[in-house]
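Engineer:
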Amino acid sequence: MSSANTKPFINRTNSTSSLRSYRTIPNITYSGSSEGIVAGIPNTNSFQSHHSESKLDHIAYYLPLFKWLPKYNKQKLSRDIISGITLTSFQIPLAISLSTLANLPPTSGLFSLIIPPVVYSILGTLPPMVIGPQTVASMIIGHVIESDTSIKHDIVAKISISSICVCLSGGMLLGLGLAKYGFIDNAMSKSFQRGFISSLAVIVLISSLLNIFGLNEKYLEENGNGKVNDHNSGWNKLVFIFDNLDQIDMFSTKISIVTMLILLGAKYFKQIFIGKYPKLIFVPEILIIVLISTLLCYNFHWNSKLKIVGELFNANKLQIKWPLTNLDQFKEHFQTSIVITVIGIFETATSYKTVTESSSIAVSSNREFIAVGISNLLCCLFGSLPAYGGYGRTKLNILSGCSTPMSGVITSCFSLLIMLFFLNWFHYLPQCTLSCIIMLISVTLLEELPRDLMLYWKCQGYPEILMVFVIVMGTLVWSPSFGISCGLGLTIIQLVKQITKSRITVLGKDPISNQFKPIILYNTPTNTRTVNNKLEFEKIMIVEAPELLIFTNITDFKRRLLSLEKYGPIDNIPLLQPRSSTILTLQPLKFLIINLENVSLIDISALQSLKMIVGSYNKREIFVFFTNSIKLQNLQERFIECGITAEQKTLLDKWCMDKSIDVALREIMYKPLFSSIHEVIDCIDYMEYINEHFDITV
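Numbering of the sequence shown is given in full-length UniProt numbering, commencing with residue 1 and proceeding in unit increments.
1) Please state whether DSSP places F626 in a helix, a strand or coil.
2) So, for R194: in the same chain, excluding its five sequence neighbours on each side, which residues have a beta-carbon less than 8 Å away from its beta-carbon?
3) What are the boundary residues of the alpha helix (DSSP H) that includes F639?
4) Grouping DSSP H, G and I as helix and E and B as strand, with all else coil, what is M250?
5) Closest to I354 by CA distance: which of G383, G390, R367 is it?
6) Less than 7 Å between C-beta atoms, sequence neighbours within five positions excluded: which residues of the same chain meet that for I499?
7) Once DSSP output is grouped into helix, strand and coil, what is the label at G275?
8) Under a three-way DSSP split, which group does L488 fall into?
9) On the premise that Y120 lies in contact with P405, defined as a C-beta separation below 8 Å, what is that separation, rounded to the nearest angstrom?
10) Taking 8 Å as the cut-off, is the CB of L453 close to at least one heavy atom of the ligand ADP?
11) Exposed or buried, which one is F242 when buried takes at least 16 other CB atoms within 10 Å?
12) With distances taken Cα to Cα, identify the nearest neighbour of I594 among N326, I681, F192.
13) Does DSSP put Y689 in a helix, a strand or coil?
14) Inspect the beta-carbon positions of S97 and I370 and report whether they are closer than 9 Å.
15) For the stretch 327 to 405, list the alpha helix (DSSP H) runs that are entirely contained and at least 4 residues long, ordered along the chain.
16) What span of residues does the alpha helix (DSSP H) with Q91 cover, start to end?
17) Is M139 helix, strand or coil when you go by DSSP?
18) Within a Cβ cutoff of 6 Å, which residues of the same chain sit near T86, ignoring the five residues on either side of it in sequence?
19) Taking the straight line between their C-alpha atoms, what separation do you get for L490 and G483?
20) When the Cα atoms are used, what is the spatial distance from P26 to Y352?
21) Tell me whether N216 sits in a helix, a strand or coil according to DSSP, three-state version.
22) When DSSP labels each residue in this structure, what does E221 get in the three-state scheme?
23) Put V204 into one of helix, strand or coil per three-state DSSP.
24) Can you find the residues in the same chain that come closer than 7 Å, C-beta to C-beta, to Y428, ignoring five residues on each side of it along the sequence?
25) S221: buried (16+ other C-beta within 10 angstroms of its C-beta) or exposed?
26) Under the DSSP definition of a beta bridge, which residues are partnered with I602?
27) Measure the alpha-carbon distance for L210 versus K267 and round it to whole angstroms.
28) Who are the near neighbours of S199 in its chain, counting only those whose CB is closer than 7 Å to its CB and skipping five residues on each side?
29) Please list the segments of the beta strand (DSSP E) lying wholly inside the stretch 404 to 455, counting only runs of 3 or more residues, in order along the chain.
30) Is L576 buried or exposed, if buried means 16 or more other CB atoms sit within 10 Å of its CB?
31) Mapping the DSSP letters down to three states, classify N299 as helix, strand or coil.
32) For I288, which of Q319, A179, D246, S89 has the nearest alpha-carbon?
33) Can you find a C-beta in chain C that's less than 9 Å from the C-beta of K279?
34) According to the Cβ coordinates, are P105 and I159 closer than 9 Å?
35) According to the neighbour-count rule (16 or more other Cβ atoms, all chains shown, within 10 Å of its Cβ), is H58 buried or exposed?
36) Is it the case that the Cβ atoms of I410 and G84 are separated by a distance below 9 Å?
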């Protein structure tokens, strides 16, 4: 075998072209100054943090308010006012609806729309982001409150439960941000998120039907009397609806059907014509429906037939207090708070990732968690709903032409004015109308489920389909906590399955390029898996270790070495002939080269296992060589300290004594780590030469 001075094969792409293709240029640019929003996100020259020696810039890095506020002008203010009014018209009815969904007074939803935007304008890193009440989190709180039948008429107790959950969730997010654990926003898969959101949407859909059919009071009454399964699951509610179809309120049902048809018609009308008439996005159909149904209820005295919202705000009943007053409350609602926190991380991360995906702007997930965490800690003082980033409202904020976070502050101000002076106008708002709005939200959340399932099926993503199915069924039949626990369990299993695979690769030498490349198997015309015949093979096996060689995958690494030696580079255990009868080699294995060039981490467990691997191959008189890592500094010293080098010398010393090799000549073969595969091949060539000339001595 000839030697060469070229480096072993490493597949690298052209860095310049890769960077150019990766950092794509946005397709849509909003008009305005260079400090405005570009392609739906802040201009990187305006909002991205830059290192500066000035004290103001240092402060602005941690308090982004000082980055955009000194450059604020009238032009930006006018755009932010328009954006703020647009947001308010959409968010006010949604906040009231989500409060109803959570079995809380409307002020709980409004406070989550008033406080967080102000806090985020000071601490947030993404200017168009709008923090507000979140649908799925409201569903969970509503489920918890509804499950506790002892407080079904106690508003103070209900607000207390919400405040505790919001407080714990905010504290968790703040802790994650301060501890720099923002990377966990990548821990959960899309299928996990899709399954959980879809399952909760189904539960909310069923709960909305109770209000639409006028069966909610009867359900709560029977639930309190123990006639309904105490589990209070979505499945039990669905069964209750079918069992009581003969008792539905026809007037409430008719009003709800008309309302739902109008909402769905407006939604799909917008989708069809928004390309031709972009300003349709600013039509607040939900607010219009709320106003019309309230006026109709007032004029025609529907309150005698329908259940209405009633008293919405009384300043005298407003209490500002810290919710966590004893340890029992902390223990009771801690699990629910974890679920809400996970959902908050999902929603916030989805928002800033989606908004920034078409640009190179860097958003700090740690600082986002801090901003959202502090927002919720302040919200809990007012009995608010959980508040997180939302992609829908953020997208609307961008399309409305926002320039800075001031648009969120303006939304907050308008929401406060409405709550203080105009909220009682919604006294006659029918609850069935709010249920229709909530149902519309649920339908919207379910729209992407069929498309995602079809994608999983086409791409053979069967584990993803299983994930969605398990979460949906667990949440529907049992509870949201059980559903998310099942999802987390499957996620952990999938992660463990992936990280325990060693993914080592067998390398072969290409005679043309003189480089070592992965051996590729393919189907021949006779449907037999063979090795690429362009690669050169001898009685040497060269394997490339994975980038991470740690305790989780070292066992699989050892197993794969034995499998590769016996069967060759076949992913599945073959039921065919062993390696010795394939064209991989014509002779038994004599040399094993483990290429550690790309290994970036190797722990003590892996080093101990490598020593055992060398020892087991020594017993079979198979020489094991290692190449050094270009990413680890002291790997050779660690090999010596762990005894791997001494284990290698055991077989080499025996071989040298049998061949009467002089001590000075042995040093060629005593390297703990070789610099390249080619250097190992040179050593093996020398050993083979000595084997052919047994009587050579120095």
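Virtual Cβ for every residue (Gly too), placed ideally from N, Cα, C.
Structural biologist: Working from what's here:
1) Your numbering for residue 626 matches position 626 in the sequence shown. Looking at F626 - three-state DSSP - the assignment turns out to be strand.
2) Position 194 of the sequence shown, counted from the start, is the residue given in the question as residue 194. Here the set comprises E448, L449, D452, V468.
3) The residue labelled residue 639 in the question sits at position 639 within the sequence shown. Looking at the DSSP string, the run of the alpha helix (DSSP H) that includes F639 is 635 to 642.
4) Locating residue 250 in the sequence shown gives position 250, where the first residue counts as 1. In this structure, M250 counts as helix in the three-state DSSP scheme.
5) The count along the sequence shown starts at 1 and reaches residue 354 at position 354. Residue identity check: residue 354 is Thr in the sequence provided, not Ile. Taking each of G383, G390, R367 in turn and checking the Cα distance to T354, the smallest one comes out for G390.
6) For the purposes of this step, residue 499 is identified with residue 499 of the sequence shown, where counting begins at 1. Closer than 7 Å at Cβ, skipping near neighbours: T552, N553.
7) As a position in the sequence shown, residue 275 is number 275, starting the count at 1. In this structure, G275 counts as coil in the three-state DSSP scheme.
8) Here residue 488 refers to the residue found at position 488 when the sequence shown is read from its first residue. L488: helix per DSSP, three-state reduction.
9) Position 405 of the sequence shown, counted from the first residue, corresponds to residue 405. Position 120 of the sequence shown, counted from the first residue, corresponds to residue 120. Indeed they touch by this definition, with Cβ atoms about 7 Å apart.
10) The model on display carries no ligand, and the ligand ADP is accordingly not part of it.
11) Translated into positions along the sequence shown, residue 242 becomes position 242. Flag for F242 reads exposed.
12) Here residue 594 corresponds to residue number 594 of the sequence shown, with the count starting at 1. Cα-wise, what sits closest to I594 is I681.
13) Along the sequence shown, one-based indexing puts residue 689 at 689. The answer is helix: DSSP assigns Y689 an H, G or I state.
14) Residue numbering aside, residue 97 sits at position 97 when the sequence shown is read from its first letter. Residue numbering aside, residue 370 sits at position 370 when the sequence shown is read from its first letter. Contact: no.
15) You should have 327 to 356, 365 to 379, 391 to 399.
16) Counting from 1 along the sequence shown, the entry for residue 91 is found at position 91. Run containing Q91: 74 to 101, per the alpha helix (DSSP H) assignment.
17) The residue given as residue 139 occupies position 139 in the sequence shown. Helix, per DSSP.
18) Along the sequence shown, read from residue 1 onward, the residue named residue 86 stands at position 86. So the qualifying residues of the chain are F282, S400.
19) Sequence index remark: in the sequence shown, residue 490 carries index 490 (1-based). Sequence index remark: in the sequence shown, residue 483 carries index 483 (1-based). Taking the straight line from one Cα to the other gives about 11 Å.
20) Indexing the sequence shown from 1 puts residue 26 at position 26. Indexing the sequence shown from 1 puts residue 352 at position 352. Because the pLDDT at P26 is just 34, under 50, the model does not fix this residue reliably, and the point stays unresolved.
21) Here residue 216 refers to the residue found at position 216 of the sequence shown. Three-state DSSP puts N216 in a helix.
22) Here residue 221 corresponds to residue number 221 of the sequence shown, with the count starting at 1. Here E221 sits in helix by DSSP.
23) Position 204 of the sequence shown, counted from the start, is the residue given in the question as residue 204. Residue state, collapsed to three classes: helix.
24) Numbered from 1 along the sequence shown, position 428 holds the residue referred to as residue 428. Its chain contains T294, C297, Y298, N303, I308 as the residues whose beta carbon lies nearer than 7 Å to that of Y428, once the 5 sequence neighbours on both sides are disregarded; these appear in chain order.
25) Your numbering for residue 221 matches position 221 in the sequence shown. Per the sequence presented here, residue 221 reads as Glu, with Ser not at that position. Classification of E221: exposed, given that the 10 Å Cβ count is below 16.
26) Looking up residue 602 in the sequence shown gives position 602. Note: I602 sits in a beta bridge opposite L549.
27) Residue 210 sits at position 210 when you count from the first residue of the sequence shown. Residue 267 sits at position 267 when you count from the first residue of the sequence shown. Their Cα atoms are separated by approximately 23 Å.
28) Taking the sequence shown and counting its residues from 1, one reaches residue 199 at position 199. Hits under 7 Å: I471, V472, T475, L476, G483.
29) none
30) Within the sequence shown, numbered from 1, the residue matching residue 576 stands at position 576. Note that L576 has pLDDT 44, beneath the 50 cutoff, so the model's placement of it is unreliable and no number is given.
31) In the sequence shown, the residue the question calls residue 299 occupies position 299. In the three-state scheme derived from DSSP, where H, G and I count as helix and E and B as strand, N299 is classed as helix.
32) Here residue 288 is taken as the residue at index 288 of the sequence shown, counted from 1. Considering only alpha carbons, the answer is S89.
33) This model lacks chain C altogether; it includes just one protein chain.
34) The residue you call residue 105 lines up with position 105 of the sequence shown. The residue you call residue 159 lines up with position 159 of the sequence shown. Yes, the Cβ-Cβ distance between P105 and I159 is below 9 Å.
35) Residue 58 sits at position 58 when you count from the first residue of the sequence shown. Burial check for H58: the Cβ neighbour count within 10 Å stays below 16, so the residue is exposed.
36) Within the sequence shown, numbered from 1, the residue matching residue 410 stands at position 410. Within the sequence shown, numbered from 1, the residue matching residue 84 stands at position 84. Contact: yes.
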